[in-house]
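Q: The structure is given below, and queries will be raised subsequently.
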Amino acid sequence: MGKRVGMEVSIAAAEVVGLCDVDVIAAYPITPQTHIVEHLSELVADGHLDAEFVPVESEHSAMSTCVGAAAAGARTFTSTSSQGYALMAEICYIASSLRLPIVMAVANRALSAPINIWNDHSDMMMARDTGWIQTVAENGQEVVDLLLHAYRVAEDPRVLLPVMVNLDGFTLTHMIEPIWLPDKDEVQRYLPPYKPQIRLDPRNPMTFGPVGMPEVYTEAKKAQDEAMNGALPVIVEAWQEFEKQFGRSYHPVETYKTEGAEILLLTVGSVSETAMTAVDKMRAQGRNVGLVRLRLWRPFPAKELVNVLKTAKAVAVVDRAMAFSTRSGPLCTEVKAALYDHGVSPYVQNYIAGLGGRDVTVEDFEMMAAKTSDGLAKGLPMGYEIVNVRE
Amino acid sequence: MSWKDLALGCTLTEPGTAARLRTGDWRSMRPVTNYELCNKCGQCYIFCPDMVYSRTAEGYYEANYFYCKGCGICARECPKDAIQMVQEEK
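Following this line, the structure appears as structure tokens:
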């Protein structure tokens, strides 16, 4: 049986990765991801985990090592943040195109300049088109659960794609929380041993990553797109299995007090817990406000999201990254596209909040809901604003 | 070939398939050897980056146009000026 512990979330993340019997961990330390890989290196050094820990000289090498190891059939792990992700990005495209089931925890942090080590979603959004599956955790328990889920999904023969588990830097990585940590038996019951479909093996030589001439590149990308689309039902199935075994349920799109809600807030990540408090407060005041939380960013669950949003009169999309000059955050752009595709057109306001670690408070969410409600009532143009920016 | 026919991750599962890649398609100039000038020194064979040249029974060296990319190194290195680069015809 597992046990309930009070533990820093980064340490818990490392513990669960250790329980997953990883073979190769390659990492370069970067704030606020550091504690995750530090603890993994301790687990290996102390003999608790039989794995190769490769302390590489850059994130580019970390992902390159993971690609090589995964191609040879190893279960691999790495973790990064912000500029580290940016340096790694080149190889991230290769990992997904080669269909290697690497798992990576990204401790979300703002991108420079100015240099900022605090949390927002710039790195997650930069990663959105790399062909990785991306899930997002709201609290420490979810980090542990989603990492376990990540290996099961990534290695499923129907998927074989790398998975990125996003957790907010500091607000999650450095918090001590009560966490239910599974034991080895429970992990093994949920996560079967990794059996590669194809791998580098001198006894059966093959070529990974050959040149793709114009005659074949388009087809290769189509195949990758189909793999990503096909991952969605497998992700949901793995969450259903997870619920059966551990009792905690996850869905691509999750809702909180959305029954009869006229105004819906849409959030991603740990800020959702603040948003829940705000919704509780507004509901107590008799305002019809609910919350939608996006758990799965890639594959983008457009249909599931539209199904939830279509009953509302107005939606306030809360982005935590910039998409310069588009008058919309990256999340809102995709939400609007999904709504348009499905012929649904609620009133949509976009708020950019919490950049570079700026606090997003209960009052901020109340303000967003009130402004959205006001804009709807007065028929104002659908807007975009950076919350609390000083003019 | 449909996208459905591609191997996982566009992997080449058959070893040695690069041998079937017709790199000669890239060529705009082809090397032609004048065997009356050739003294069988083998410099073309040695310098060819693509192992295009092979030795014939008479000891001359012959280019395999299936692979020859027309880089012209053989013509430049030939001490007897026996190899001329000739425009490929359409």
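Protein chains in written order, with this note's numbering: chain A, 1 to 391; chain B, 1001 to 1090. The C-beta atom is built at its ideal place from N, Cα and C for all residues, glycine as well. Fair warning: this is a prediction, and the values are worked out from it, not measured in the lab.
(1) What residues in the stretch 1010–1032 of chain B bring their beta carbon closer than 7 Å to a beta carbon of chain C?
(2) Could you tell me whether the Cβ of proline 205 of chain A comes closer than 8 Å to any Cβ of chain B?
(3) Ordered along the chain, which non-local residues of its own chain (more than five positions away) have a Cβ less than 6 Å from that of leucine 1037 of chain B?
(4) Note down the Cα distance separating glutamine 385 of chain A from methionine 368 of chain A, rounded to an integer number of angstroms.
(5) Please state the DSSP three-state secondary structure of serine 79 of chain A.
(6) For the alpha helix (DSSP H) containing serine 1054 of chain B, list its first residue and its last residue.
(7) Suppose only complete runs of 3+ residues qualify. What are the beta strand (DSSP E) ranges in the stretch 131–170 of chain A, listed by chain order?
(8) Straight-line CA distance for methionine 63 of chain A to phenylalanine 77 of chain A?
(9) In or out: isoleucine 11 of chain A buried (at least 16 other Cβ within 10 Å) or exposed?
(10) Could you pull out every residue in the same chain whose Cβ sits closer than 8 Å to the Cβ of arginine 4 of chain A, ignoring the five residues on either side in sequence?
(11) For chain B, find out if any of its Cβ atoms is closer than 8 Å to the Cβ of phenylalanine 324 of chain A; answer yes or no.
(12) With which residues is glutamine 240 of chain A paired in a DSSP beta bridge?
(13) Thinking C-alpha only, which one of B/Cys1074, B/Tyr1067 and B/Ser1002 is nearest cysteine 1041 of chain B?
(14) Please check the pair glutamate 8 of chain A and histidine 35 of chain A, which I expect to be a contact at CB under 8 Å, by giving their CB distance rounded to whole angstroms.
(15) Going by the beta-carbon positions, is the gap between valine 103 of chain A and alanine 51 of chain A smaller than 8 Å?
(16) Below 8 Å on C-beta distance, what does alanine 220 of chain A contact in chain B?
(17) Nearest-angstrom Cα distance between valine 1086 of chain B and methionine 1029 of chain B?
(18) Spell out whether any CB of chain B is found under 8 Å from the CB atom of alanine 223 of chain A.
(19) Spatial neighbours of leucine 191 of chain A within its chain, please: CB distance less than 7 Å, with the 5 preceding and 5 following residues excluded, ordered by chain position.
(20) For isoleucine 263 of chain A, collect the residues of the same chain with a Cβ closer than 6 Å to its Cβ; drop the 5 residues on either side in sequence, then sort them by chain order.
(21) List the residues of chain B whose Cβ lies closer than 9 Å to the Cβ of leucine 160 of chain A, in chain order.
(22) Pairs of beta-carbons, one from the stretch 318–329 of chain A and one from the stretch 78–92 of chain A, closer than 8 Å: are there three or more?
(23) Could you work out which residue in A/Glu334, A/Asn350 and A/Met382 is closest to aspartate 129 of chain A when comparing CA atoms only?
(24) Taking contact to mean 3 or more Cβ pairs, one atom from each stretch, closer than 8 Å, check whether the stretch 347–362 of chain A and the stretch 315–322 of chain A are in contact.
(25) Please confirm if isoleucine 133 of chain A has its CB atom under 8 Å from at least one CB of chain B.
(26) In terms of alpha-carbon separation, which member of A/Thr311, A/Ala353, A/Val344 and A/Glu186 lies closest to leucine 331 of chain A?
(27) Grab the span of the alpha helix (DSSP H) containing leucine 265 of chain A for me, first residue to last.
(28) Give me the residue from A/Arg283, A/Leu43, A/Leu296 and A/Ser97 with the minimum Cα distance to valine 67 of chain A.
A: Let's see:
(1) Absent from the structure: chain C. Protein chains present are A and B.
(2) yes
(3) Lys1080 and Ala1082
(4) Going by the sequence as given, residue 385 of chain A is glutamate instead of glutamine. Looking at the two C-alpha atoms, the distance is approximately 10 Å.
(5) strand
(6) Per DSSP, serine 1054 of chain B belongs to no alpha helix (DSSP H); it is in the beta strand (DSSP E), 1053–1055.
(7) 133–136 and 163–168
(8) 9 Å
(9) buried
(10) Pro178, Ile179, Trp180 and Leu181
(11) no
(12) In the DSSP output, where bridge partners are listed per residue, glutamine 240 of chain A has none listed.
(13) B/Cys1074
(14) 6 Å
(15) no
(16) Trp1003, Leu1006 and Cys1010
(17) 5 Å
(18) yes
(19) Cys20, Leu148, Tyr151 and Arg152
(20) Val289, Ala314, Ala369, Thr372 and Ser373
(21) Leu1008 and Gly1009
(22) no
(23) A/Glu334
(24) yes
(25) no
(26) A/Ala353
(27) Looking at the DSSP string, leucine 265 of chain A is not in any alpha helix (DSSP H); the run it does join, the beta strand (DSSP E), is 263–267.
(28) A/Ser97
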